[in-house]
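Residue numbers for the sequence shown follow full-length UniProt numbering, so the first one is 1 and each next one is one higher.
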Amino acid sequence: MSSAEHTTKVYPPPASIVQGAHVSGMEAYRKLCAEAEADYEGYWARLAREFVVWKKPFTKVLNASDAPFYKWFEDGTLNVSYNCLDRNVEEGRGDKVAIIFEADDGQVTRVTYRELLEKTCRMANGLRELGVKKGDRVVIYMPMSVEGVVAMQACARIGATHSVVFGGFSAQSLRDRIEDAGAVMVITADEQMRGGKQLPLKAIVDEAIGLGGCDSVRHVVVYRRTGGQIAWTSRDRWLHELVDKQPSTCEPEWVEAEHPLFLLYTSGSTGKPKGVQHSSGGYLLHATLTTKWTFDLKPDDVFWCTADIGWVTGHTYITYGPLANGATEIVFEGVPTYPDAGRFWKMIQQHKATIFYTAPTAIRSLIKAAEANPSTHPRHYDLGSLRILGSVGEPINPAAWEWYHEHVGGGRCPIVDTWWQTETGGHMITPLPGATPLVPGSCTLPFPGIMAAIVDETGQDVPNGHGGILVIKKPWPSMIRTIWGDPERFKKSYYPAELKGYYLAGDGASRDAERGYFTITGRIDDVLNVSGHRMGTMEIESALVSHTELVAEAAVVGRPDETTGEAIVAFVVLKRPRPTGEEAKQIANELRNWVAKEIGPIAKPKDIRFGDNLPKTRSGKIMRRLLRSIAKGEAITQDTSTLENPAILEQLAQTN
Ligand code: PRX
């Protein structure tokens with residue numbers, strides 16, 4: 001054991017949380033792990049019966065005959081929206097508030113479970129009237145809104161597979177996703193409101209469809225959010241006109257457990273985003289279970305996950321998990337810094353939020369904001385309602401953890417640092433607040449029943465105290481089922497032959513020698529994590545070189561960044577002489593805007609460097625590790641003897 005580990009600060013769970021917790025104390029945690037260890041299928045079957053209402057009960061648990069295309073609970077049928085809505089109404093929670101919606105301008109709307117069910121039924125009937133049926137794909141390009149959640153639930157109700165595209169993605173990205181999914185419909189809004197600004201959505205849908213390849217789209221349904229000016233075509237329908245005349249009940253489509261509930265596109269190590277396909281039964285089980293155990297969710301809680309429904313966190317911990325548990329949750333349209341950086345704290349105070357789940361980037365930027373403008377510091381707000389805090393999307397550095405713990409949680413709220421991915425559907429490695437002693441910066445231990453481990457390149461276990469590759473040794477109910485339309489890529493990406501049938505997460509990690517706690521060290525592939533958003537370096541490179549007039553070649557790497565975790569750095573060779581000074585600045589700006597147009601503003605490189613060439617081996621391979629060092633501003637200590645053009649390094653080290 002190293003001396004550093006001796007001095008690690010450990011935060012045991014507060015007695016008040018341990019008492020009455022769903023998983024109370026480490027003994028209870030270990031008992032669940034032992035149950036899963038002893039009878040893996042029996043464990044998951046027990047939970048699937050307890051947490052999910054089945055129309056037709058399953059008799060088979062795991063089918064591994066076509067591994068890695070695993071099937072869970074395959075002969076059972078269910079409806080996800082029934083589980084999230086009708087169940088709560090039938091069990092007497094019809095008048096309970098399901099969603100507290102706060103708009104960008106601060107206006108608050110409350111929606112009960114009965115109302116949410118009726119809204120969902122109306123929209124589901126509307127979609128059916130427009131011919132959408134089980135198995136059809138529907139793209140949702142919506143602002144954070146009750147209607148966004150309802151659109152997802154309505155798809156689930158009729159067995160349509162939704163694919164939500166984050167409202168910050170460009171027309172080109174939207175087009176690619178519509179085409180890949182073969183969507184029959186796009187549900188959007190006229191505009192979205194963020195930080196006091198009106199931003200177009202419908203116009204981007206029009207542009208996306210105009211780019212071609214979207215012939216599958218028969219209808220575009222438009223939610224009127226701002227009343228802003230938009231163009232209208234014969235395929236467009238107003239949402240209110242479509243739903244107002246619909247009955248408020250709608251028989252759910254009972255689907256098989258494996259029926260695809262949704263596709264969600266995410267970045268991988270090649271240029272093309274992949275459509276991660278999730279199931280209905282297994283996914284719903286893990287969404288429901290993890291929301292309850294990881295956040296120790298109780299009937300009186302006010303749950304707030306600040307993610308956008310365009311990301312997996314918004315799917316599992318806004319649209320599905322909290323509702324399936326009959327919770328009251330906050331849905332927020334705006335941004336954390338508008339009208340000022342005290343917005344989150346003000347909302348926690350006003351709505352008496354008890355569980356708050358956000359991303360390290362948000363915390364880091366709010367720390368900075370509070371330093372710059374002390375009136376936005378959480379100490380000016382009453383955050384006494386909070387019980388549990390959560391972190392997701394990227395590693396949380398201990399300093400940010402401590403600040404979050406002390407200033408937001410008042411030193412009394414456990415922080416659950418949840419490690420998981422779009423592909424895993426829900427939490428995989430996370431503390432349980434009434435059981436796990438916390439160590440800042442560590443996501444601690446696997447969720448009971450998740451067989452996480454660290455191995456080397458050959459799949460051999462790595463002893464604690466050493467780093468390696470993070471894998472999941474056994475399939476689990478909410479795992480990715482395939483990549484839409486590309487089963488081969490699914491196998492290659494997640495089940496490489498050398499890893500003995502283990503799921504390859506794509507992250508590096510280590511476990512400490514004392515507790516076996518996991519710490520995630522970051523991606524081991526060409527994927528960056530910028531503000532908790534996953535970006536493929538190849539995707540950004542393709543966007544840059546698609547500017548055929550200007551760009552000859554581009555290489556993109558990540559650099560650690562104090563606020564955003566990682567920042568995007570692009571090395572670019574132009575088709576004209578290397579620019580310097582003002583000209584370099586101007587071209588860098590043009591390229592940044594180009595990337596925003598091709599992918600979305602989240603993919604804009606922070607730093608663009610120009611060179612006459614890129615560092616390459618004699619066989620022509622770009623030496624990315626050198627570029628990573630240059631991006632960090634490090635002196636090059638690596639061996640450069642295989643480099644074709646060593647002089648280029650100095651040139652690329654110059655900032656514009
Ligand atoms: O690198 C890990 C990082 O985010 C990646 C997954 O990104 P995405 O599919 O967009 O899902 C984000 C929300 C679940 C992972 O491969 N990551 C996620 N959570 C953590 C994390 N890294 C460290 N600690 C976490 N808690």
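Where is the CB? At the ideal position from N, CA and C, for every residue including glycine.
Only a predicted model underlies this, so the values are computations on that prediction, with no experimental measurement involved.
Three-way DSSP call (helix, strand, coil) for residue i in this model
i      : result
Trp401 : helix
Phe51  : helix
Ser145 : coil
Ser2   : Its pLDDT being 41, under 50, Ser2 is placed unreliably by the model, and the measurement read from it follows with that caveat. Coil, per DSSP.
Ala509 : strand
Val254 : This sequence places Trp at residue 254; Val is not what is there. It is coil, neither helix nor strand.
Lys197 : strand
Met185 : strand
Tyr223 : strand
His533 : strand
Ser365 : helix
Thr245 : In the sequence as displayed, the identity of residue 245 is Lys instead of Thr. Looking at Lys245 - three-state DSSP - the assignment turns out to be coil, as it is neither helix nor strand.
Leu627 : helix
His240 : helix
Lys60  : coil
Lys292 : helix
Thr24  : The question names Thr, but residue 24 is Ser in the sequence shown. The answer is coil: DSSP assigns Ser24 none of H, G, I, E or B.
Gln192 : strand
Gly167 : coil
Lys274 : strand
Leu386 : coil
Lys71  : strand
Classification of residue i by the beta-carbon crowding that lies within 10 angstroms, buried from 16 upward
i      : result
Asp66  : exposed
Trp232 : exposed
Pro374 : exposed
Pro322 : buried
Asp244 : exposed
Ser531 : buried
Gly213 : exposed
Glu258 : buried
Asn589 : exposed
Gln277 : buried
Val138 : buried
Asn593 : exposed
Thr655 : exposed
Ser493 : buried
Pro533 : One detail in the question is off: residue 533 reads as His in this sequence, not Pro. Classification of His533: buried, given that the 10 Å Cβ count is 16 or more.
Ala64  : exposed
Gly76  : buried
Ala353 : buried
Gln153 : buried
Thr519 : buried
Contacting residues, own chain, Cβ-Cβ under 6 Å from residue i (five flanking each side not counted)
i      : result
Asn529 : Glu394, Gly565, Glu566
Ala324 : Asn83, Cys84, Thr288
Phe344 : Pro336
Ala631 : Val557, Arg559, Val569
Ala307 : Thr313, Gly314
His6   : For His6, the pLDDT reaches just 45, beneath the cut-off of 50, and the residue's location in the model is therefore unreliable, although a value from the coordinates is still provided. Nothing meets the Cβ criterion.
Lys9   : none
Residues of its chain near residue i, where Cβ-Cβ distance is below 7 Å and the 5 sequence neighbours each way are ignored
i           : result
residue 683 : In the structure as shown, the chain begins at 1 and stops at 656. Residue 683 is therefore absent and cannot be evaluated.
Met1        : The pLDDT assigned to Met1 is 37, lower than 50, so where the model puts this residue is not dependable; a value taken from the coordinates is nonetheless given after this. Excluding positions up to five away in sequence, the list reads Ala513, Glu514.
Pro12       : Pro437
Ala448      : The residue asked about is misnamed: residue 448 is Pro in this sequence, not Ala. Tyr29, Leu32, Cys33, Ala36, listed in sequence order.
Leu652      : Phe571, Arg609, Gly611, Ile630
Pro252      : Asn79, Ser81, Tyr82, Arg157
Ser546      : Glu598
Nonlocal neighbours in the same chain, by C-beta distance under 8 Å from residue i, ignoring five residues either side
i      : result
Gly411 : His405
Asn125 : Val243, Gln246, Pro247, Cys250
Asn645 : Asn613, Pro615, Lys616
For this session: Give, in chain order, every unbroken run of the beta strand (DSSP E) that is at least 3 residues long and sits entirely within the region 298 to 363.
Result: 302 to 305, 328 to 332, 355 to 358
Report task. May I have a chain-ordered list of the alpha helix (DSSP H) segments no shorter than 4 residues that lie completely inside the UniProt domain "AMP-binding enzyme C-terminal" (539 to 621)? Result -> 581 to 598
Q. Is the number of C-beta pairs between the region 418 to 437 and the region 22 to 39 that are closer than 8 Å three or more?
A. yes
**Study point:** Length at least 3, wholly inside the region 82 to 161: the beta strand (DSSP E) runs in chain order
**Key:** 97 to 102, 108 to 112, 137 to 141
Stretch-stretch touch, CB-based, cutoff 8 Å, three pairs: the region 478 to 489 with the region 270 to 287: yes
* the region 173 to 182 touching the region 142 to 157, judged by at least three CB pairs closer than 8 Å -> no
Quiz prompt | Complete beta strand (DSSP E) runs within the region 431 to 509 (minimum length 3 residues, chain order) | solution = 452 to 455, 467 to 472
Practice prompt. Say whether the region 413 to 424 touches the region 377 to 390, bearing in mind that this needs 3 or more beta-carbon pairs closer than 8 Å, one atom from each stretch.
Written response: yes
- Query: Touching or not, the region 544 to 557 and the region 627 to 645, by the rule of three or more beta carbon pairs under 8 Å?
  - Reply: yes
State whether the region 459 to 471 contacts the region 502 to 510, with contact taken as three or more CB pairs (one from each stretch) at a distance under 8 Å.
yes
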